[in-house]
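>
Residue numbers (my numbering), protein chains in the order written: chain R, 2 to 343; chain Z, 36 to 388; chain A, 49 to 366.
#1: Beta carbon of residue 232 of chain Z, beta carbon of residue 160 of chain Z: below 8 Å?
#2: Would you mind telling me which residues of chain Z sit closer than 8 Å to residue 360 of chain R, beta carbon to beta carbon, in chain order?
#3: When we look at the beta-carbon of residue 238 of chain A and count the other beta-carbons within 10 Å, is it buried (16 or more) or exposed?
#4: Taking 7 Å as the cut-off, is the CB of residue 90 of chain A close to at least one heavy atom of the ligand ADP?
#5: Just the Cα atoms here: how many angstroms apart are residue 355 of chain A and residue 304 of chain A?
#6: With DSSP as the reference, label residue 228 of chain A as helix, strand or coil.
#7: Tell me which same chain residues have a C-beta within less than 7 Å of the C-beta of residue 173 of chain Z, skipping the five on either side of it?
#8: Quick check: residue 108 of chain A and residue 143 of chain A, are their CB atoms within less than 8 Å of each other?
#9: Listing by chain order, which chain Z residues have their CB less than 8 Å from the CB of residue 285 of chain A?
#10: When you compare the segment 173–191 of chain R with the segment 115–134 of chain R, are there three or more beta-carbon pairs, one atom per stretch, that lie closer than 8 Å?
#11: So with CB distances below 7 Å, who are the chain A contacts of residue 361 of chain Z?
#12: Using a Cβ-Cβ cutoff of less than 6 Å, which residues in the same chain neighbour residue 343 of chain R once the five nearest sequence positions on both sides are dropped?
#13: Give me the residue from A/100, A/331, A/141, A/268 with the minimum Cα distance to residue 358 of chain Z.
#14: Using the Cα positions of residue 78 of chain R and residue 222 of chain A, report the straight-line distance between them to the nearest angstrom.
#15: With the cut-off set at 8 Å, would you say residue 299 of chain R and residue 27 of chain R are in Cβ contact?
#16: Is residue 109 of chain A helix, strand or coil by DSSP?
#17: Let me know if residue 345 of chain A comes out buried or exposed under the rule of 16 or more other beta-carbons within 10 Å of its beta-carbon.
#18: Identify the contact partners of residue 182 of chain R in chain A, using a Cβ-Cβ distance below 7 Å as the criterion.
#19: Can you give me the C-alpha to C-alpha distance between residue 88 of chain A and residue 199 of chain A, rounded to a whole angstrom?
#20: Taking the Cβ atom as the reference point for each residue, do residue 151 of chain A and residue 91 of chain A lie within a distance shorter than 8 Å?
#21: Taking only three categories from DSSP, how would you classify residue 94 of chain A?
#22: Could you work out which residues of chain A lie near residue 195 of chain R, taking near to mean beta carbons separated by less than 8 Å?
#23: For residue 254 of chain A, write down the residues that DSSP places opposite it in a beta bridge.
#24: Quick one: grab the DSSP three-state call for residue 76 of chain A.
#25: Identify each residue in the segment 324–338 of chain Z for which the Cβ-Cβ distance to at least one residue of chain A is less than 7 Å, and report them in chain order.
#26: Tell me the rounded alpha-carbon separation between residue 172 of chain A and residue 239 of chain Z.
#27: Rank A/84, A/332, A/155 by C-alpha distance to the C-alpha of residue 364 of chain A and give the top, closest one.
#28: Would you call the segment 99–108 of chain A and the segment 336–352 of chain Z touching, i.e. three or more CB-CB distances under 8 Å?
#29: Return the chain-ordered list of same chain residues with a C-beta closer than 7 Å to the C-beta of residue 113 of chain Z, the five sequence neighbours on each side being excluded.
#30: When Cβ atoms are compared, which residues of the segment 69–90 of chain R fall closer than 9 Å to chain Z?
#31: Just list the alpha helix (DSSP H) runs in the segment 122–193 of chain R, keeping only unbroken ones of 4 residues or longer that don't cross its boundaries, in chain order.
#32: Could you tell me which residues DSSP puts in a beta bridge with residue 132 of chain A?
#33: With distance defined between alpha-carbon atoms, name the residue in A/322, A/312, A/341, A/347 nearest to residue 334 of chain A.
#34: Which whole-angstrom value describes the C-beta separation of residue 439 of chain Z and residue 168 of chain R, a residue pair presumed to lie in contact below a C-beta threshold of 8 Å?
#35: List the whole-angstrom C-beta distance separating residue 142 of chain R from residue 166 of chain R, where the pair is believed to meet the contact cut-off of C-beta under 8 Å.
#36: Please report the straight-line C-alpha distance between residue 127 of chain R and residue 238 of chain R, rounded to a whole angstrom.
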């Protein structure tokens with residue numbers, strides 16, 4: 002990208018300003034996430050719950066034990082999904098890439114299903130480690146398969162290997178679900194992707210990985226910009242393409258694996274957010290990444306809030322709302338924008 | 036003896052073309068034989084003990100008039116419809132998949148990913164869970180769903196024309212919506228309805244019967260040749276829209292026509308057996324690996340699709356002891372393994388992705 | 049002369065036995081009447097029907113189950129030796145294995161809402177069409193009362209040749225009557241006791257409507273005060289409550305769907321479970337949801353409920 006001498010100084014403030022605006026929007030969303038829910042709670046009560054919690058008060062318990070962990074999990078998971086999607090789209094140069102691409106979500110699901118059917122694990126905190134394990138194994142398998150051969154893991158081979166592994170794992174999962182109604186009964190709720198039932202101890206389990214992943218991800222901007230030029234050009238410029246792609250992939254897997262472990266497979270966020278981020282921030286990954294990091298939770302928590310109030314007295318799971326909102330928005334977006342092929 | 040052959044460009048091209056055509060013939064013939072062998076196996080093995088001689092007698096009974104109700108029911112009423120259904124559904128899916136991948140110029144594109152089968156599945160799940168539909172109604176809903184979602188995808192990607200890029204992206208968006216509808220219904224339904232829906236969603240050939248095969252058989256019979264006719268303009272699309280136009284191809288018409296063929300094939304296959312995973316996705320790449328650098332992949336893809344489906348059904352029925360699984364569960368695993376193997380084999384010899 | 053008398057006696061004898069070889073008819077909820085020229089002896093059954101008939105002395109030659117046998121609550125505790133399992137997944141009945149058993153009859157419950165027999169709903173491809181070609185399909189109707197269903201099974205068993213006066217069967221029935229008496233007494237002794245039947249998921253708490261469950265309707269008819277949800281979506285079966293609203297209903301006793309152990313574990317893992325005073329006080333019992341089919345199982349379930357009712361404080365939520 003060739004910039005004239007004076008251009009850079011006007012673009013950075015604009016993009017930084019955009020980031021700031023998003024930050025404000027995020028704070029607003031966080032506020033609503035704590036104050037809005039299936040049960041109407043007065044603002045005064047919310048403040049009291051945070052400043053002077055009363056363990057016997059039901060409303061205080063709702064704020065502290067349900068909404069607060071849910072908000073925090075949504076914040077971290079949204080950021081993780083947005084970042085993972087951006088990294089994967091950049092590293093594979095495929096606009097269709099999303100955290101499900103490397104088999105991450107199907108690996109996590111299969112491991113959880115095995116945990117339920119073979120080991121009888123039934124609690125969400127039990128699922129967390131299983132999901133993480135499955136995500137990691139699947140991603141490694143995909144990477145290894147795609148790396149076979151002289152050229153190593155090219156984008157197309159990664160995509161194909163990812164789809165192959167996803168299908169294989171999906172088959173095994175279906176086989177288990179067909180033959181075990183109990184497992185099916187458990188998994189059909191987890192599989193949708195939800196923030197309900199996520200308590201503080203689940204947050205404590207996944208937070209370290211999510212934070213680690215976010216930190217790693219934010220350092221991959223330069224790598225992704227390099228990869229975006231194409232493998233040959235990047236190599237010509239002295240970049241170690243395979244290593245860089247592997248490192249970026251690692252960050253994405255940690256993020257996506259932890260996200261699935263925390264909230265189940267929420268597919269749409271990782272796919273749409275990078276496109277929006279790119280539209281707002283331009284093609285430079287050093288900006289796309291932080292934009293994705295803020296846009297992700299805005300979408301996820303926004304969807305969660307909508308899901309809480311749209312079908313009283315029940316709730317609609319966030320995975321369904323993100324698809325319902327995200328997909329039409331994405332389609333409108335695809336139609337309107339002139340999208341450059343990556 | 037010294038043979039002085041002039042290697043003019045024309046000769047080189049002719050020799051190359053001949054080699055490709057022979058390879059194409061070889062691969063197609065080999066695949067056809069494989070499919071026939073698999074069909075034979077499907078007809079002779081099963082839980083109801085029948086010696087091969089009786090199977091043959093039953094198969095010939097419509098012509099010879101020598102009937103035996105018990106073995107005729109098993110061979111002509113259970114195994115034969117199942118084997119033929121597997122053949123036709125697999126062929127339709129394989130053909131559909133390779134057309135999608137060619138038109139959309141993306142190896143990830145298949146009716147599954149671009150939302151066609153997801154749309155069919157969603158419609159079927161709505162029919163099962165919301166309207167308590169059975170049998171034919173589910174099939175009709177599935178077809179309707181596939182066609183509706185395809186129309187929506189096409190319409191939404193139209194901006195003075197349709198680019199593959201936009202089609203795929205919009206398709207993924209629509210697939211996500213359809214999948215969300217399915218997920219939502221899964222969480223709202225009673226568990227046995229969820230089982231019902233899941234059984235349908237996994238794609239099964241159990242209980243296949245000739246009554247249901249009409250649309251699928253007719254579809255293949257009519258659309259197979261249509262696809263073959265459209266092959267040359269279709270192949271030129273792979274070079275890019277501008278190059279194709281330069282070659283005289285009517286790009287939008289070809290795209291729409293071939294996609295229509297692919298959608299209808301996928302819709303009928305899904306309506307008949309449910310969405311059998313991965314056959315449409317894997318058949319094209321597998322066929323192309325076998326064919327080498329160039330060649331008309333339509334027939335080989337159809338044959339690969341049929342082979343995968345039939346063998347998956349055989350494994351699903353017999354390989355797990357007492358338990359019988361739906362075929363869709365195994366097609367995913369087989370198709371994936373086969374594709375991984377071929378990816379690895381091709382990669383090692385340097386002809387990577 | 050003796051020869052003609054002898055011949056006549058033989059002829060009479062044959063006539064008598066062929067009159068004894070009675071027909072067997074059964075009319076089911078779908079409006080069909082099945083007639084066979086002999087009492088069927090080789091029967092393939094759905095798991096729930098087997099759970100109804102095996103304790104009454106009618107053993108099938110094959111059973112098809114919607115899930116693995118180990119997971120099917122209705123089959124727990126039954127002796128299944130010698131019975132072939134011909135399907136362990138919904139929609140995956142092995143047609144060839146059923147044909148190899150050469151059955152006279154297939155028995156399953158008729159569900160009026162779905163207009164289908166258990167496991168043979170049309171969604172399972174056309175498995176039902178194939179099965180019907182092997183042997184006729186019929187069975188009792190799922191209705192408003194488990195007690196009525198068990199009684200229907202008794203009638204069916206008797207027509208199939210069961211001896212309902214056998215000691216095992218009468219003992220089971222007597223035990224059930226005793227358990228029922230105990231249950232009614234416990235309920236009568238605590239007129240203020242309110243009960244809420246639920247299913248717990250991580251996403252929501254599901255409150256069951258009495259009308260949707262045969263055994264809940266039985267309990268209600270015996271005096272149990274079941275709370276009914278206000279808004280019952282899903283054709284009147286459940287009300288879905290966000291966990292934030294979990295304390296909308298405050299019963300004295302909670303009964304939890306016990307088809308799976310996971311349900312209770314999930315319930316206890318939710319922070320808002322104890323927002324219901326009954327849960328906080330430990331007044332929680334099992335609800336045998338949708339799987340009771342015989343006197344022995346029913347007696348056991350009633351005994352457990354009776355104990356929970358007797359131990360509960362009926363004025364917990366007033």
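Where a beta carbon is used, it is the ideal one built from N, C-alpha and C, also for glycine.
No experiment lies behind these values; they were computed from the predicted model shown.
Judging by the given coordinates:
#1: yes
#2: There is simply no residue 360 of chain R to check, as chain R begins at 2 and stops at 343 in what is shown.
#3: buried
#4: Here there are no bound small molecules, and the ligand ADP is not part of this structure.
#5: 15 Å
#6: helix
#7: 159, 162, 163, 235
#8: no
#9: 225
#10: yes
#11: 140
#12: Any reading at residue 343 of chain R must be qualified, since the residue scores a pLDDT of 34, below 50, and its modelled position is unreliable; the value itself is stated next. Cβ neighbours of residue 343 of chain R beyond the five flanking positions: 94, 96.
#13: A/141
#14: 59 Å
#15: yes
#16: coil
#17: buried
#18: 114, 115, 119
#19: 20 Å
#20: yes
#21: strand
#22: 250, 251
#23: A/247, A/288
#24: coil
#25: none
#26: Reliability fails at residue 172 of chain A, whose pLDDT of 47 lies under 50, so the model's placement of it is uncertain and the value that follows must be treated cautiously. Looking at the two C-alpha atoms, the distance is approximately 9 Å.
#27: A/332
#28: no
#29: none
#30: none
#31: 125–148, 156–180, 182–191
#32: A/110
#33: A/312
#34: Nothing about residue 439 of chain Z can be reported from this structure: the residues present for chain Z run from 36 to 388 only.
#35: 6 Å
#36: 46 Å
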